[in-house]
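Asker:
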Amino acid sequence: MMDINTLKAENLFDLGGSVLGEKLREYTFPWEILPQLKKILPALGEAMKEQGYQEIAPQVWVAEDVTIAPSASIQGPCIIGAGTEIRHCAYIRGNVLIGSKCVVGNSSELKNCVLFDLVQVPHYNYVGDAILGKGAHLGAGSIISNLKSDKKNIVLSMNGETLETGLRKFGAMVGDWVEVGCGSVLNPGTIIGRESRVYPLSCVRGIVPEKHIFKQADKIVPIL
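Going by numbering that gives the first Met the number 0, the sequence shown opens with residue 0, and the numbers climb by one from there.
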């Protein structure tokens, strides 16, 4: 049987690693928050003003020590945490929460996603309709694909059972401290458990358990 508990937010993420951590507890599964970000972030951004956040553009709230390159493009609603660096040509398309001490690098694109603290998407990455846990890192050129080629809703499969997500766009849930190798693609609906690793140039689909190495689809091995 599918152990759905492994897919719950508290088993993928340190919920203290994001200002949305406790909010995620309100949902059965973490991806259910994605369609709500457009409503949640404006209210949260206004509340963050009491913590010294500045609204530097319509519905774009940033901590005082955030570094933003002049060539970066940021659309709201968006919240950017303390000590985060937004590098040249980064494109943030809205409905995005970026935690503290993150890196959004050159030519990386984000939309409708949550980055916990210490996340790095530093080089030519695409992150759409996804949640990246604390300390997660995408290698250069790694992509989170969020839409199936047939445009149908995302269905998860585990141990011969299926789980309907009800979402047409759903990229990935990437657990805390996951390392994704350069040039990899995480296909729609991918779940990667905490502290797992993905080999470079991988095409990942489905569920990777925590503390495992994804070498190829038929070779997912425990970290010893």
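Note that the Cβ used here is the ideal one computed from N, Cα and C, for glycine as well.
State the CB to CB distance for the pair Q58 and G75, rounded to an integer number of angstroms; the pair is presumed to be in contact (CB under 8 Å).
Answerer: The beta-carbon separation of Q58 and G75, rounded to 3 Å, stays under the 8 Å limit for a contact.
Asker: With A129 and C112 assumed to form a contact (beta carbons below 8 Å), what rounded beta-carbon distance in angstroms separates them?
Answerer: That belief holds up - the Cβ atoms of A129 and C112 are roughly 5 Å apart, short of 8 Å.
Asker: Who are the near neighbours of V18 in its chain, counting only those whose CB is closer than 6 Å to its CB and skipping five residues on each side?
Answerer: Excluding positions up to five away in sequence, the list is empty.
Asker: Distance check for D149 and C181, CA to CA, integer angstroms please.
Answerer: 26 Å
Asker: DSSP state of A129, grouped into three classes?
Answerer: Strand, per DSSP.
Asker: Of the residues K147, E163, L6 and V220, which one's Cα is nearest the Cα of L185?
Answerer: K147
Asker: Can you tell me whether DSSP reads L23 as helix, strand or coil?
Answerer: helix
Asker: On the three-state DSSP scale, how would you describe Q50?
Answerer: Q50: helix per DSSP, three-state reduction.
Asker: Using a Cβ-Cβ cut-off of 6 Å (strictly less than) and excluding sequence neighbours within five positions of E9, which residues of its own chain qualify?
Answerer: No residues qualify anywhere along the chain.
Asker: Alpha carbon to alpha carbon, how far is S144 from Y52?
Answerer: Straight-line Cα distance between these residues: approximately 31 Å.
Asker: Just the Cα atoms here: how many angstroms apart are E49 and I153?
Answerer: 38 Å
Asker: Measure the Cβ-Cβ separation of D64 and G44 and say whether it is below 8 Å.
Answerer: no
Asker: How big is the Cα-Cα spacing for S106 and L131?
Answerer: Cα to Cα, the separation comes out at about 18 Å.
Asker: Using a Cβ-Cβ cut-off of 6 Å (strictly less than) and excluding sequence neighbours within five positions of R167, which residues of its own chain qualify?
Answerer: N152, listed in sequence order.
Asker: What's the C-alpha gap between A171 and L114?
Answerer: Going from the Cα of A171 to the Cα of L114 covers about 12 Å.
Asker: To the nearest whole angstrom, what separates the beta carbons of R225 and I212, a pair I think is in contact under 8 Å?
Answerer: No statement about residue 225 is possible, as the shown extent of the chain runs from 0 to 223 and does not include it.
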